[in-house]
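Novice:
Residue numbers (this note's numbering): 1072 to 1215.
Structure, rendered in structure tokens:
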């Protein structure tokens, strides 16, 4: 099943599949970042404990998602990161827009409640953290 189809089939965070590849692609770790980069102290303690070598883009993702109202925890971190990284992969390589992938099984736009809203918030955080060049598409998510 291709990535775009997977994104369309889900109204909640994506299943784990290629997180290891995404982690390798994010080379800079927090320890190697400049002073404006988030630090482990900026992250929720369970995230910092579970992933002390979190990369700068991953940390930015967690903080952005939390600012959007998503409770990213150590238990959800891998799936949540995959939602963000897979969204960017689809935008960069799939020839699609956020509006095209943020749909339910019936092809209708994801709603603004429950798991559908959480997915859209994670997609937006993923764009900001992993593919900011696509940031102008976040408006297509019609977030509240």
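Cβ coordinates follow ideal geometry from the N, Cα and C atoms, glycine included.
Using a threshold of 7 Å, state whether the C-beta atoms of residue 1195 and residue 1212 are closer than that.
Specialist: Contact flag set, yes.
Novice: Just to check my reading of the structure: residue 1141 and residue 1189 have Cβ atoms closer than 8 Å, yes? What is that Cβ distance to the nearest angstrom?
Specialist: About 6 Å separates the two Cβ atoms, so the contact holds.
Novice: Can you give me the C-alpha to C-alpha distance between residue 1160 and residue 1129, rounded to a whole angstrom?
Specialist: Whole-angstrom Cα-Cα distance: 15 Å.
Novice: How big is the Cα-Cα spacing for residue 1207 and residue 1158?
Specialist: Cα to Cα, the separation comes out at about 14 Å.
Novice: With DSSP as the reference, label residue 1167 as helix, strand or coil.
Specialist: Residue 1167: coil per DSSP, three-state reduction.
Novice: Any idea which residues DSSP pairs residue 1203 with across the strands?
Specialist: Paired residues: none, contrary to the question.
Novice: Quick one, which of 1119, 1185, 1135, 1210 has its alpha-carbon nearest residue 1031's?
Specialist: A question about residue 1031 goes unanswered here, because the residues of the chain that appear run from 1072 up to 1215.
Novice: Could you tell me the boundaries of the alpha helix (DSSP H) in which residue 1117 lies?
Specialist: First-last of the alpha helix (DSSP H) with residue 1117: 1116-1121.
Novice: CA-CA distance, residue 1198 and residue 1205?
Specialist: Cα-Cα distance, rounded: 6 Å.
Novice: With a 10 Å radius around its C-beta and 16 neighbouring C-beta atoms as the bar for buried, classify residue 1133 as buried or exposed.
Specialist: Classification of residue 1133: buried, given that the 10 Å Cβ count is 16 or more.
Novice: If you draw a straight line from the alpha carbon of residue 1149 to that of residue 1112, how long is it in whole angstroms?
Specialist: If you take the alpha carbons of residue 1149 and residue 1112, they lie about 20 Å apart.
Novice: Between residue 1214 and residue 1187, what straight-line distance do the alpha-carbon atoms span, to the nearest angstrom?
Specialist: Their backbone Cα atoms lie some 11 Å apart in a straight line.
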